[in-house]
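FYI, UniProt numbering numbers position 411 of the sequence shown as 411, with every residue one higher than the one before it.
For every residue, glycine included, the Cβ atom is placed at its ideal position computed from N, Cα and C.
Source: prediction; values computed, not measured.
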Amino acid sequence: MNGFDGVVSSRRGFLGLAGGSAALLALGSAPVQAARVKTAARIIILGAGAAGTALANRLVDRLEGAEITLLDARKQHLYQPGFTLIAAGLKPAGYSVSATKDWLPQGVTLIEEAAAEIDPVARTVTSTGGTVLAYDFLVVATGLTLDYDSIPGMSLDLIGSNGIGSVYAGPDYAAKTWEAMDTFTSEGGVGLFSRPATEMKCAGAPLKYTFITDDYAVRKGTRDKVEIKYFAHNKAFFSVPIVSEKVRMLFGERDIQTAFEHVLIALDPGKRIATFQTPEGTREEGYDFINVIPPMRAPDVVRASGLSWADKWTDQGWIEVDKGTLRHARFPEVFGLGDICGVPKGKTAASVKWMVPVVEDHLVAQIEGREGTQIYNGYTSCPLITRIGKAMLVEFDYNDNLTPSFPGVIAPLEELWISWLMKEIALKPTYNAMLRGLA
1 MNGFDGVVSS
11 RRGFLGLAGG
21 SAALLALGSA
31 PVQAARVKTA
41 ARIIILGAGA
51 AGTALANRLV
61 DRLEGAEITL
71 LDARKQHLYQ
81 PGFTLIAAGL
91 KPAGYSVSAT
101 KDWLPQGVTL
111 IEEAAAEIDP
121 VARTVTSTGG
131 TVLAYDFLVV
141 ATGLTLDYDS
151 IPGMSLDLIG
161 SNGIGSVYAG
171 PDYAAKTWEA
181 MDTFTSEGGV
191 GLFSRPATEM
201 KCAGAPLKYT
211 FITDDYAVRK
221 GTRDKVEIKY
231 FAHNKAFFSV
241 PIVSEKVRML
251 FGERDIQTAF
261 EHVLIALDPG
271 KRIATFQTPE
281 GTREEGYDFI
291 NVIPPMRAPD
301 VVRASGLSWA
311 DKWTDQGWIE
321 VDKGTLRHAR
331 FPEVFGLGDI
341 CGVPKGKTAA
351 SVKWMVPVVE
361 DHLVAQIEGR
371 EGTQIYNGYT
381 SCPLITRIGK
391 AMLVEFDYND
401 NLTPSFPGVI
411 APLEELWISW
421 LMKEIALKPT
431 YNAMLRGLA
């Protein structure tokens, strides 16, 4: 922890009262309780992350007599939006950690094993312990895999040493990333930031950490000793053009060097050299600090199941769902939820908030023999931190339209203190309410 917690401490009293309510208004109020549906349906949910847990809570309230089974080998639930704050030195590693079972209601059977095999034709899931489970409905909410092994020279045990950080790897690794970044911004040198060419969760995080690192160097008075470089994987900084242009302007104002179409493909930790693939061939860059974000893919069990797209994201394995209903295109009793979905947008916790009611609606409708009505429009939210104490609350849909929750109050492309508070204080209580099925 560090002294920069004081940036917002004097205002926390006010937001302790107002912040949570504001966030709930932004992300949607508690759902209206619908009539319970009697059913003996066997429902399996793969994954007890934000998506799987939120749906399990809602289905228990919605269905009477259903057999709801949740598979996940992880005993810890990780609040992933908090990783950036941990890596900024503002929260301890424990801030993002709770027990998986503590979020689950009575009426859900938790099997603390992962899925080893999914057979959508036979409608069965086999656990890593060898148990074969039959289902009437399957919800795939496994999340994704961080493919560090695809970067030669990189491994998790390097994080925190040799100037290597990685915000995504987990809360303890985020804390080690903070230590490495803190040293770098004190001593100076070259810092490298990038993102993978695959789809990824919270695509704003690489930008956030670049801005945070710059701000720490400014605050310490060492910015003249620090060279910061951001390498975009394609020809833009962000998928929404107007946001990408805003980031370009901010990078220019803050003397953050940039290059396009650069993808990290190898690391030499001993020599502190990163290798990038570019249209002109490979390029080596020396560094004193690097934030490594690996390619992200579907877990192997999903990729081997036959549920993935055959003609899209073939190197990544996202499941083939209708982007509006999140129902599988070939297996109507299968739904996708969260990061695993092969849709153009939506790999954020805020997206899950809007995905869960859609899956609930269509699954319950199918049990009742009718058609569901709710549609997911691609809503994605990114509180894009630009300084400690300032952020832009960027919200958008499948069509790259900005969809602000507070039009006329919070401008999405302005660096605001209130947008920072949405991230730093208000978001976690809202997230917790979502897990309980209350938001």
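The stretch 53 to 69 and the stretch 146 to 164 do not touch, with fewer than 3 CB-CB distances between them shorter than 8 Å.
Cβ-Cβ separation between Gly372 and Lys323: approximately 14 Å, too far for a contact (criterion under 8 Å). At a Cβ-Cβ threshold of 8 Å, Leu90 and Ala298 do not count as neighbours. Note: Asn377 is not bridge-paired with any residue in the DSSP secondary-structure output. Annotation for Ile290: the continuous beta strand (DSSP E) segment containing it runs 289 to 291. The way I'd put it, the stretch 104 to 114 does touch the stretch 51 to 66; three or more beta-carbon pairs between them come closer than 8 Å.
Shown here for Val352: same chain residues with a beta carbon closer than 6 Å to its own, the five before and five after excluded, namely Ala50, Ala51, Gly338 in chain order. Between the alpha carbons of Phe331 and Pro120 lies a distance of about 7 Å. Excluding the 5 residues flanking it on each side, Leu158 has same chain C-beta neighbours closer than 7 Å at Ile164, Pro269, in chain order. Asp214 and Arg223 have their C-alpha atoms some 7 Å from each other. The Cβ neighbour count for Ala35, taken over all protein chains shown within 10 Å, is under 16; the residue is labelled exposed.
The three-state reading of DSSP puts Phe396 in strand, counting E and B together.
If you look at Lys229, you'll find it in the beta strand (DSSP E) that goes 226 to 231.
Given a length threshold of 4 residues, each whole run of the alpha helix (DSSP H) inside the stretch 237 to 297 is given here in chain order: 241 to 253. Taking C-beta atoms as the reference points, Arg58 and Gly437 count as a pair closer than 8 Å. Taking C-alpha positions only, Ile273 is separated from Glu284 by approximately 6 Å.
In this structure, the alpha-carbon of Ala88 lies about 30 Å from that of Gln316.
DSSP places Leu427 within a helical segment (H, G or I) once states are collapsed to three.
C-alpha of Met422 to C-alpha of Ile410: approximately 11 Å in a straight line. If the five residues before and after His262 are omitted, its C-beta is found closer than 8 Å to the C-beta atoms of Ser194, Phe231, Ala232, His233, Phe276, Gln277, Thr278, Arg283, all from its own chain and listed in chain order. Close CB contacts of Arg123 within its chain, under the 8 Å cut and outside five residues either way in sequence, are with Ala134, Tyr135, Asp136, Leu138, Glu333 (chain order). The beta strand (DSSP E) runs of length 3 or more contained entirely in the stretch 299 to 387 are, from start to end of the chain, 334 to 336, 380 to 387. When Ala99, Thr39, Ser308, Glu395 are compared, the shortest CA-CA separation from Leu435 is found for Ala99.
Separation of Met181 and Phe289 (C-alpha to C-alpha, rounded to the nearest whole angstrom) is 7 Å. Measuring C-alpha to C-alpha distances from Glu113 to each of Trp103, Val97, Gly130, Asp102 identifies Gly130 as the nearest. Using a Cβ distance threshold of 8 Å, Leu207 and Val247 count as a contacting pair.
Distance between Phe83 and Gly170, taken at the CA atoms: about 7 Å. Separation of Thr177 and Thr325 (C-alpha to C-alpha, rounded to the nearest whole angstrom) is 38 Å.
Around the CB of Gln80, 16 or more other CB atoms lie within 10 Å, so the residue is classed as buried. Put simply, the backbone Cα of Ala48 is about 43 Å away from that of Glu280. Burial of Arg327 is indicated by the presence of at least 16 other C-beta atoms within 10 angstroms of its C-beta. Here Gly204 is not near Leu402, since their CB atoms are 8 Å or more apart. In the structure shown, Ile410 falls within a coil segment according to DSSP collapsed to helix, strand and coil. Nearest neighbour of Val358 by Cα position, chosen from Gln374, Gly369, Gly346, turns out to be Gln374.
Between Ala141 and Ile256, the C-beta gap is not smaller than 8 Å, which leaves the two residues out of contact. Leu264 and Ala40 have their C-alpha atoms spaced approximately 50 Å apart.
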